[in-house]
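Read the structure below first, then the notes.
Protein chains: 2
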Amino acid sequence: MVDMSADPRQRRAARHARPAAEAAASAPRKKPISVERITDAALEVVATEGYDALTIRRVAAVLGTGPSSLYAHIVNKDDIDDLLIGRLYAEVVLPEPDPAAWREQLRGVFTQIRDLYLKYPGVSRAALAMVPTHLETLRVGEGILAILLAGGIEPRTAGWARDALSLYVSAYALEQSLVQQRRRHQDQEWVLSDEELLDRFTALPADEFPQTRRHAAELISGTGHDRFEFALGLLMNNLRPASG
Amino acid sequence: MVDMSADPRQRRAARHARPAAEAAASAPRKKPISVERITDAALEVVATEGYDALTIRRVAAVLGTGPSSLYAHIVNKDDIDDLLIGRLYAEVVLPEPDPAAWREQLRGVFTQIRDLYLKYPGVSRAALAMVPTHLETLRVGEGILAILLAGGIEPRTAGWARDALSLYVSAYALEQSLVQQRRRHQDQEWVLSDEELLDRFTALPADEFPQTRRHAAELISGTGHDRFEFALGLLMNNLRPASG
DNA sequence: TCGTGAGAACGAACTAAGTTCGTATCGATG
DNA sequence: CATCGATACGAACTTAGTTCGTTCTCACGA
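Sequence lines, in order, name chains Z and P. Each residue of the first sequence is one higher than the one before, counting from 1 in UniProt numbering. Each residue of the second sequence is one higher than the one before, counting from 1 in UniProt numbering.
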């Protein structure tokens with residue numbers, strides 16, 4: 001059983017501690033509100049309406065109740081972020097580190113993370129704000145670190161590189177989500193297609209923006225994911241086995 | 001004079017167009033609310049209380065009025081972000097591109113941006129959400145692009161690298177601001193000093209977190225800025241002049 | 001069997017925030 | 001000096017996070 005103490009603060013703390021012995025027991029008959037169901041509901045909201053639509057009231061509505069009902073299980077709204085990220089990172093599968101393929105392995109893990117973020121538009125915001133001792137993020141972090149170390153990267157470099165890569169991936173997903181969101185909210189003037197963007201760039205005054213104007217085509221080239229791959233490449237290609 | 005049309009939407013659009021002829025005329029005598037004063041007030045709030053404390057009401061209070069008074073000058077709250085970023089990026093000074101020193105020049109520019117972000121904790125959030133046709137960000141973007149091109153980087157690579165670097169810098173500043181903010185809000189349990197973090201890491205179960213445990217010291221090593229420099233290095237060192 | 005009490009659920013309400021509306025005020029202009 | 005458009009602003013509407021006090025439920029012990 002998960003921690004059933006009265007105070008949700010203690011339960012949050014328990015979630016950050018190592019997982020308890022976890023006796024399965026019997027599944028709850030009816031449908032009592034639980035941290036799991038809250039997480040399910042929150043993920044559903046984020047997946048369908050985006051992270052901005054994630055409100056206590058919205059989650060409560062999905063569960064067919066009012067906002068106050070959730071506060072027996074969560075500390076506050078930030079706590080939902082915690083749950084979300086935990087659930088998301090639990091889905092990341094980590095490969096057995098292979099010294100010969102560490103770059104591909106890293107690419108694979110970070111692509112997984114990117115796609116999880118994009119599946120739930122905007123959650124990367126929550127990931128950026130997450131405290132660094134979250135259990136599931138620690139697990140994934142350990143996995144990434146293991147891959148880097150297996151690749152022969154010196155520990156300190158590995159740690160720093162891991163942080164840089166993680167930060168970039170979160171930011172990339174966040175930016176992509178924001179673009180998508182603007183596209184959904186057809187705010188007329190603020191949605192710019194590639195052609196419109198190209199027009200804007202080429203319409204810039206040549207004396208002030210010579211490079212942007214001249215290379216407008218290259219600047220808007222490539223899908224988001226092309227740029228993602230490119231950036232990951234930049235970050236990883238300089239990492240070399242220590243005494244290689 | 002800046003655009004004095006009635007609709008603030010038109011005024012925002014005008015801000016994104018090329019700067020008008022800009023007849024100086026006489027400075028306003030009294031203290032009418034203006035976009036400039038709103039920007040000043042907003043920056044003051046962000047600098048002293050952080051981006052989270054930036055509310056319409058808070059800004060209005062600084063100007064000694066009520067929230068509705070601002071809506072003759074701004075479209076909505078997002079518009080304030082626009083003003084903030086414009087003001088911030090206007091402060092960035094761009095060097096004359098020197099083909100021999102492009103890496104140092106890039107470092108300089110991005111360090112400026114980083115420090116501006118950190119001076120106004122949390123604004124990088126606004127920067128990430130900013131539409132890519134903002135006039136001042138275009139100016140800085142042009143400058144960065146010019147440095148890369150002067151360094152002999154192929155245009156498409158230069159564009160993508162610029163985006164990757166900018167994204168990383170924003171994310172870095174955002175993360176740093178979040179850490180600072182947590183530290184201010186002494187939420188007891190969520191503030192972790194380096195020693196506490198080290199303790200946490202070394203207290204992890206050895207079978208599940210062998211690497212994190214073993215290299216805990218390296219993982220928490222280095223100031224934020226060390227990591228910033230490191231990441232910039234990773235991103236830049238792979239960029240090479242096109243035809244060598 | 002029947003209370004009983006701890007935990008869970010929940011309706012109502014409080015606060016804060018973004019935004020709108022209607023009106024009042026001000027200043028330049030004819 | 002009257003007028004009109006732009007500006008200012010108080011009040012109010014809406015949505016949100018959170019708290020409070022009460023009610024409900026159910027497993028356990030007398």
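Positions of the beta carbon are idealized from the N, C-alpha and C atoms, including for glycine. For clarity, every value in this text was computed on a predicted model and none was experimentally measured.
Run down chain Z in chain order and give the residues with a C-beta less than 7 Å from the C-beta of residue i.
i: P:E175; result: L128, L167
i: P:L219; result: G159
i: P:L235; result: L234, L235
For chain Z, check one thing: does any of its Cβ atoms lie closer than 9 Å to the Cβ of residue i?
i: P:H215; result: yes
i: P:P210; result: yes
i: P:T55; result: no
i: P:V2; result: Residue placement at P:V2 is flagged as unreliable, the pLDDT there being 46, under the threshold of 50; the coordinate-derived value follows with that caveat. Not closer than 9 Å to any Cβ of chain Z, the Cβ of P:V2 fails to qualify, so no.
i: P:Y71; result: no
i: P:S170; result: yes
i: P:R156; result: yes
i: P:A21; result: Low local confidence applies: a pLDDT of 42 at P:A21 is under 50, so the model's placement there is unreliable, with the coordinate-based value given in what follows. Taking Cβ atoms only, chain Z never reaches closer than 9 Å to P:A21, which makes this a no.
i: P:K63; result: Correcting the residue identity first, residue 63 of chain P is Leu in this sequence and not Lys. Judged by the 9 Å Cβ criterion, P:L63 is not in contact with chain Z.
i: P:R29; result: Any answer about P:R29 is weak, because its pLDDT of 37 lies below 50 and its placement is not dependable; what the coordinates show is given next. Output row for P:R29: interface = no.
Of all Cβ atoms in chain P, is any one closer than 9 Å to the Cβ of residue i?
i: Z:F230; result: yes
i: Z:L239; result: yes
i: Z:L178; result: yes
i: Z:E49; result: no
i: Z:R183; result: no
i: Z:G222; result: yes
i: Z:L192; result: yes
i: Z:L197; result: yes
i: Z:L43; result: no
i: Z:A242; result: no
i: Z:R15; result: no
Along chain P, in chain order, which residues have C-beta atoms closer than 8 Å to that of residue i?
i: Z:R227; result: W160, D163, A164
i: residue 306 of chain Z; result: Beyond the ends of chain Z as shown, which are 1 and 244, falls residue 306 of chain Z; an answer cannot be given.
Identify the contact partners of residue i in chain Z, using a Cβ-Cβ distance below 9 Å as the criterion.
i: P:L118; result: Residues of chain Z passing the Cβ test: none, with the nearest at roughly 15 Å.
Taking 8 Å as the line, does the beta carbon of residue i fall inside it for any heavy atom of the ligand COA?
i: Z:A171; result: This structure simply doesn't include the ligand COA, nor any ligand for that matter.
Does the region 126 to 135 of chain Z come into contact with the region 98 to 109 of chain Z, if we say contact requires no fewer than three beta-carbon pairs (one atom in each stretch) closer than 8 Å? In this structure the region 126 to 135 of chain Z does not touch the region 98 to 109 of chain Z; the number of beta carbon pairs closer than 8 Å is below three.
Would you list, in chain order, the members of the region 131 to 154 of chain Z that have their beta-carbon closer than 8 Å to a beta-carbon of chain P? Residues of the region 131 to 154 of chain Z with a Cβ closer than 8 Å to any Cβ of chain P, in chain order: V131, P132, T133, L138, R139, G141, E142, L145, A146, L149.
Touching or not, the region 202 to 216 of chain Z and the region 205 to 225 of chain P, by the rule of three or more beta carbon pairs under 8 Å? In short, these stretches do not touch, since the Cβ pair count stays below three.
Quick check: the region 169 to 187 of chain Z against the region 163 to 171 of chain P, are at least 3 beta-carbon pairs closer than 8 Å? Output reads yes: the region 169 to 187 of chain Z touches the region 163 to 171 of chain P.
Would you call the region 63 to 74 of chain Z and the region 28 to 43 of chain Z touching, i.e. three or more CB-CB distances under 8 Å? Flag = yes, the region 63 to 74 of chain Z and the region 28 to 43 of chain Z touch.
Decide yes or no for the touch test of the region 232 to 239 of chain Z against the region 222 to 236 of chain P: beta carbon pairs closer than 8 Å, at least 3 of them. Contact between the region 232 to 239 of chain Z and the region 222 to 236 of chain P is present, because at least three Cβ pairs lie under 8 Å.
Could you list the residues in the region 80 to 103 of chain P with a C-beta less than 9 Å from some C-beta on chain Z, going in chain order? Residues of the region 80 to 103 of chain P with a C-beta less than 9 Å from any C-beta of chain Z: none at all.
Do the region 106 to 126 of chain Z and the region 85 to 92 of chain Z touch if we need at least three Cβ pairs shorter than 8 Å? Judged by Cβ distances under 8 Å, the region 106 to 126 of chain Z makes contact with the region 85 to 92 of chain Z, as three or more pairs qualify.
Specify whether the region 216 to 224 of chain P and the region 149 to 164 of chain Z touch according to this definition: at least 3 beta carbon pairs, one from each stretch, less than 8 Å apart. Pairwise C-beta distances place the region 216 to 224 of chain P in contact with the region 149 to 164 of chain Z, as three or more of them are shorter than 8 Å.
Short of 9 Å Cβ to Cβ, which residues in the region 104 to 116 of chain P face chain Z? So the list is empty, because no residue satisfies the distance condition.
Between the region 80 to 88 of chain P and the region 129 to 141 of chain P, are three or more C-beta pairs nearer than 8 Å? Short answer: they touch.
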